[in-house]
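K.L.:
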Amino acid sequence: MSDIVERTLTALPGLFLQSPPGSGPAAAKAPFSSRLGGLVRGVTALTSKHEEEKLIQQELSSLKATVSAPTTTLKMMKECMVRLIYCEMLGYDASFGYIHAIKLAQQGNLLEKRVGYLAVSLFLHESHELLLLLVNTVVKDLQSTNLVEVCMALTVVSQIFPREMIPAVLPLIEDKLQHSKEIIRRKAVLALYKFHLIAPNQVQHIHVKFRKALCDRDVGVMAASLHIYLRMIKENASGYKDLTGSFVTILKQVVGGKLPVDFNYHSVPAPWLQIQLLRILGLLGKDDQRTSELMYDVLDESLRRAELNHNITYAILFECVHTVYSIYPKSELLEKAAKCIGKFVLSPKINLKYLGLKALTYVVQQDPTLALQHQMTIIECLDHPDPIIKRETLELLYRITNSQNVTVIVQKMLEYLHQSKEEYIIVNLVGKIAELAEKYAPDNAWFIQTMNAVFSVGGDVMHPDIPSNFLRLLAEGFEDETEDQQLRVYAVQSYLSLLDAENALIYPQRFLQVMSWVLGEYSYLLDKEKPEEVINRLYKLLMNDSISSETKAWLIAAVTKLTPQAQTSSTVERIIQEFTGSLDTCMRQQTFELKHLYENVEVMKNLLPVNKSCEDLVVDASLSFLDGYVAEGLSQGAAPYKPHHQRQEEKLSQEKVLNFEPYGLSFSSGFTGRQSPAGISLGSDISGNSAETGLKETNSLKLEGVKKLWGKQGYLPKKESKAGDETEAPPVPAESTALENVDQAVPKRDQAQVLTQSREEREKQLLASSLFVGLGSESAINLLGKADTISHKFRRKSKVKEAKSRDVASTHNLTCPSLNSLSNVAYEENDYLTTLQDRGNTEAKEFPLGSELLVSESVSELPLAECSLSAPALFADSDMEVFHPPASAAASIALASSFLEETTEDMRSGPVEVCGDETVTVSSYKLWKEDCLLMVWSVAAKNGSELKSASLDIFPAENFQISEQAGCCLPVTEVGNTKTFQYSLQMESPFTEETLSGSITYQMVDTHAVQLEFSLNLSLLDFIRPLTISTEDFGKLWLSFANDVKQNVKIPEPQASLLSALKTLQQKLRLHVVDVRGSEGLLACRLLPSTSGLLHCRVHADGLSLWFRSSCSALPDCLLYQCQKALEGS
Amino acid sequence: MIQAILVFNNHGKPRLVRFYQRFPEEIQQQIVRETFHLVLKRDDNICNFLEGGSLIGGSDYKLIYRHYATLYFVFCVDSSESELGILDLIQVFVETLDKCFENVCELDLIFHMDKVHYILQEVVMGGMVLETNMNEIVAQMDAQSRLEKSEGGLSAAPARAVSAVKNINLPEIPRNINIGDLNIKVPNLSQFV
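Protein sequence lines correspond, in order, to chains A and B. Just so you know, we're using our numbering here: the first sequence kicks off at 62 and counts up by one. Just so you know, we're using our numbering here: the second sequence kicks off at 4 and counts up by one.
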């Protein structure tokens, strides 16, 4: 085929030559329909970008005149649209035509409509305001009897449709799922998929219909529905396990050639369908033995059937291999898959080789020997002319790095890094090198030099974590103090020599910042180098114009730290002179500080002790030293301190209309925002306003300010001071890794053949042996795979413990600002627990949480009663009749008071089995506590066998804050066959439904540890609690909330059903009914922890209008969705 | 999902630009330009996959391209698509173009830009692969061009043409697989049907 194209295209220049030169302007006189041709010819004839621009502008202005002329017919408009599309494609603005494109789609006949729709879908985007004008047209066309119109409408809907208008077309498109023509059904399925992507909440109710589409008699419709399933299974695999059998059956039939020949592509039956199905199976079978067993046969069949005759069979094979390695392993299949990977890697076709490398990268963690088999190919790929292949090879090497081959691999990576210019590649690679260097560094010199290379190449584009991790590593050190000192000395030496070099200024700013910090902290370690000399070097840098002001701040900080050691230095005096007049306020501030300290050396020495960057400072958080001042102020008649929110409320109650919130906000943010390298610094104390601030600011803010200044990292700027937070994972001490792996035997490669090979070959062999060292023997693999990860995690132990003990207090105090680190802690903790589990029992006994805290009362209540969610029935049916509207005021009040009865007891859901296997079942239930959602999981061993240990690990989810309930975790229960875990959950940002997943690792008395995965859905309702407030408070809050959403909901017999609607909302959504007045009702709720949401509903002739307000922007939407669901369901 | 489909010639002149994800106008042009520079640097005998870099969304995205004579066909896809599958999809698209235009050449793409878009719409809809069966796509296009012809007669005999358009039927393609053994059985789903 490509030959044909080629032949035709070679004739192309001739064609262009035939067209007369300068036909561009001449085209204006040509008949209307050939104007596009004229335009194109004109553009093609031009030589410069400038001329093209001129011509197109000319064309656009003539088009503008034409489209807006009233005499232009729709047919002419159609031509204009095509030309406009062309101009837009070339990158010129044709926005004046957008409205006409919509008009064309509205008014034209079929052909014109088609162009109109095309133009709209190319010009506009989903949130373009003009798009709303299209909605009616789409609705009309969807109802058309003409298939082509329906097709066009469906196509445009799937390309581009405003999210908020989906309800307008949704029922129409749902109807199309039953259409007799398969093409319509297929397009309808894809349109619904699009809706699922942009607004999943709106199509939740039609999941059943997707299932229907999956078993549609037309293969095309079924294939279209697979898009949806692939997506949904990726999001939540456990919800669709029941479909595994169906997917397997379908794949079996496809592979078995049961489809019409029509679907064959190069005599392969429906290859794209196969690929899609294999992907779905891979997702379903992941870590799930039962599900995986269902698919072994068909995978085997696929591997066998795929005869290698065409590209597309390789595509299927690749997917097969991927699936085989994703699902629960079966050795036979793995063997076959490994063979397939071999075919890919050894293939002369470069595309296949690329995919082979990709597959290797994927499987190498499970099976490092596979990389060993192909080591020579990998070595060849390292020198491949194609940079993409090279990069993929490096990625593979990155995965097999251990402490023995790290130098060679990092060397290769640095070589590639020096060649590449693309920022994206540099950022990526620099991060990997830094990670490897920290993990596996063999010695100090190598580590520092590698990091130097990283900093000088990665410069200012790299991830900011890299320098801060590096500095933390230097500062905190690891076990061996002398080693630490040596590393520091080496760093200082290498930086001094770098700064002495001629081209010191070309280093990236970040690198200079790192240097200045290290020199400031650790120059004292050098005996021969005097502090003055270091200061002189820093001074040289300071005086350079190419240094950014941020770096200068670092430099000054370093100078300040060095000054007390230098006794007197003329350079310091010069710096003070130079920069006290600086225009940069930050610099100026720091210089003033330096100046004052310089005048009082004693204070300075106390303030800036040598090598104390890691020591915590005791901060008087209660600011007790100000007590005297406060007392004095009060005695002189000053008003007592009121916290910020109290002042806010008072203001609100005084002035009902105006809200002064913005001022309040800017006050506090303005203060915290000053986190420049100088921090909130001495100035605030010296200038004497600190007393005032101390009175006004909350404790935590002041604490932050103080910490900035006196923080353990001295004058370190913003990220450094934050990085000091203990809860973060400490850097990996390179040294200990090296030590741990030193005694690892170095397996020698079999070099028997080496002699017979050419020298070049030998070099490659040599390289191979250095690259793949540590992968060879079984023991080495073990060390790489297991011991390594354990040691890596184990090093975190002390830190995690520490973090935990420090954070216990904040676990209970849910409003504490440091809470956001909690989920992090919980996660690491689990990490730690799992690790311990792996290491066997003896360690498990060291379990820090202790086993003394046993069965809490909730555990003893297992198994639980069924869901006690439904509130006590407030209305008997007979009562309802009394309240037929118009309801008397008295009746309403009585009603309102009866609504006010809320259940005070915590409610809980019934236990649900989330996962299990032949030995244990895991069930969970929700406990809707007043202040959080408490999730309880219990692992119960079946048939009386004894659980030795179990641990629960919740995967981090961005929408939740998860914290383990301290003291409730039971490592070994007395019962022997049940274990319970409790976690309290908070919502980070509102959502309608989210999945929480995690895994349970358990160990029976005489077996290995087994891991089970589970996931469960949490809905917004789990986090909604009634908010009991008075009508007056409701009014105040209502006025103070900015985010509102209004919606009309149709309900049967609206006049009669306000009360029942309120009742429904109260029961199902747990809203608190604040008041009922005539046809209006007020409800309030609280989204945990403390976001309030208010609802005002009013009954009118044809429905119920709901009006939500909240301080959180996303909450009203979510609430509305839940309300609609509740009301429709009732 | 397919994020974008770009066709440009050896000089980087865009011939077809279709984005399935929203990018501002300037970014679109920049993507076309940078993609062109990326693929231009590459020989014909090295692999057809490229990492899109930071512009179109980072390491999760790939550019998959084919070079035919004077034209580059570039598909930008995310990790949920199979590389080789997309490579053959490009082939299907080009072969379909070839069938529809009878020996397609760059000029066809220029002068029948709208038609190329319609063909593409039948292959890829909203970023999802809709149809990979060449005959089916050609049949759809035939149906539409028949429409065009009947439309041509519209001015002459409006009433007749209108009724013709109203009665137009998409071709019945023998793809019903609901006969005998060929029936696809989906055992676990009977309760939903």
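Beta carbons: idealized from backbone N, C-alpha and C, even for Gly. All values derive from a computational prediction rather than experimental measurement.
#1: Does any CB atom of chain A fall closer than 8 angstroms to the CB of I5 (chain B)?
#2: Going by the C-beta, is R278 (chain A) closer than 7 angstroms to any heavy atom of the ligand FMN?
#3: Taking C-beta pairs closer than 9 angstroms, name the residues in chain A that C79 (chain B) reaches, listed in chain order.
#4: Hey, I294 (chain A) and L253 (chain A) are a contact pair by Cβ (cut 8 angstroms); roughly how many whole angstroms apart?
#5: Please confirm whether Y147 (chain A) has its beta-carbon closer than 8 angstroms to some beta-carbon of chain B.
#6: If you scan the stretch 88–155 of chain B from start to end, which runs of the alpha helix (DSSP H) of 4 or more residues do you find wholly inside it?
#7: For A229 (chain A), which residues of its own chain have a beta-carbon under 7 angstroms away from its beta-carbon, when the five flanking residues on both sides are left out?
#8: Any beta carbon from chain B within less than 8 angstroms of G98 (chain A)'s own beta carbon?
#9: Starting from the C-beta of Q6 (chain B), find all residues in its chain whose C-beta is less than 8 angstroms away, skip the five residues before and the five after it, and write them out in chain order.
#10: What residues are listed by DSSP as bridge partners for L1079 (chain A)?
#11: DSSP state of F222 (chain A), grouped into three classes?
#12: Keeping to the same chain, check which residues put their C-beta closer than 6 angstroms to that of R1131 (chain A); ignore five residues upstream and five downstream.
#13: Report the rounded CA-to-CA distance for G15 (chain B) versus W507 (chain A), giving the unit in angstroms.
#14: Looking at the structure shown, is N12 (chain B) part of a helix, part of a strand, or coil, going by DSSP?
#15: Figure out for me which residue from A:S1091, A:K613, A:L275, A:V997 has the closest Cα to the Cα of L1057 (chain A).
#16: If we define contact as Cβ-Cβ less than 8 angstroms, is Q709 (chain A) a contact residue for chain B?
#17: Going straight from the alpha carbon of Q812 (chain A) to that of E362 (chain A), what length do you get?
#18: Of the residues A:A1018, A:M226, A:D279, A:K237, which one's Cα is nearest the Cα of I259 (chain A)?
#19: Q314 (chain A) to K397 (chain A), Cα distance in whole Å?
#20: State the start and end residues of the unbroken alpha helix (DSSP H) segment that holds M142 (chain A).
#21: Looking at C-alpha atoms only, which residue of A:L828, A:I494, A:C976 is the closest neighbour of L433 (chain A)?
#22: Please identify the residue among A:L1167, A:S643, A:L580 whose C-alpha is closest to the C-alpha of T624 (chain A).
#23: Give me the subset of the stretch 128–147 of chain B whose CB atoms are less than 9 angstroms from a CB atom of chain A, sorted by chain position.
#24: For the beta strand (DSSP E) containing F78 (chain B), name the first residue and the last one.
#25: When Cβ atoms are compared, which residues of the stretch 369–392 of chain A fall closer than 7 angstroms to chain B?
#26: Measure the beta-carbon distance from R1159 (chain A) to S1171 (chain A) and round it to whole angstroms, keeping in mind my assumption that it falls under 8 angstroms.
#27: Can you find a CB in chain A that lies within less than 8 angstroms of the CB of H14 (chain B)?
#28: Ignoring anything shorter than 4 residues or poking outside the stretch 576–628 of chain A, list the alpha helix (DSSP H) runs there in chain order.
#29: Confirm, please, whether the CB-CB distance from S610 (chain A) to M648 (chain A) is below 8 angstroms.
#30: Using a Cβ-Cβ cut-off of less than 7 angstroms, list which residues of the stretch 209–232 of chain A approach chain B; keep chain order.
#31: Candidates A:H186, A:L1098, A:Q204: which alpha carbon is nearest L713 (chain A)'s?
#32: Could you give the DSSP three-state label for N1109 (chain A): helix, strand or coil?
#33: Going by alpha carbons, who is nearest to Q626 (chain A) out of A:L171, A:S307, A:T1089, A:L658?
#34: Out of A:E582, A:L478, A:P503, which has the shortest C-alpha to C-alpha gap to G492 (chain A)?
#35: For F114 (chain B) and chain A, any beta-carbon pair shorter than 8 angstroms?
#36: Find the nearest neighbour of V424 (chain A) within the set A:P448, A:A284, A:Y386, A:D444, judged by alpha-carbon distance.
P.N.:
Checking against the coordinates, here is how it stands:
#1: no
#2: No copy of the ligand FMN occurs in the structure displayed, which carries no ligand at all.
#3: Neighbours of C79 (chain B) on chain A: none; closest Cβ ~14 angstroms, over 9 angstroms.
#4: The beta-carbon separation of I294 (chain A) and L253 (chain A), rounded to 16 angstroms, does not stay under the 8 angstroms limit for a contact.
#5: yes
#6: 109–114, 116–126, 137–155
#7: Answer for A229 (chain A): V196, V200, listed in chain order.
#8: It does: the Cβ of G98 (chain A) has a partner Cβ on chain B nearer than 8 angstroms.
#9: Same-chain partners within the cutoff: F22, Y23, Q24, I59, G60, Y64, C79, V80, D81, G130.
#10: A:E1055
#11: coil
#12: I1085, P1087
#13: 45 angstroms
#14: strand
#15: A:V997
#16: No, no contact with chain B.
#17: The predicted position of Q812 (chain A) is uncertain, since its pLDDT is 43 and thus under 50; a value taken from the coordinates is nonetheless stated next. If I take the Cα positions, the gap works out to 39 angstroms.
#18: A:M226
#19: 22 angstroms
#20: 135–150
#21: A:L828
#22: A:L580
#23: Correct list: M128, G129, G130, M131, V132, L133, E134, T135, N136, M137, N138, E139, Q143, A146, Q147.
#24: 74–80
#25: N372, I373, Y375, A376, F379, E380
#26: Going by Cβ atoms, the distance from R1159 (chain A) to S1171 (chain A) rounds to 18 angstroms, so no, they are not a contact pair.
#27: no
#28: 592–603, 610–627
#29: Yes. Within cutoff.
#30: V209, T216, S219, Q220
#31: A:L1098
#32: N1109 (chain A) sits in a strand when the DSSP states are folded into three classes.
#33: A:L658
#34: Selected option, being the one with the closest Cα: A:L478.
#35: yes
#36: A:Y386
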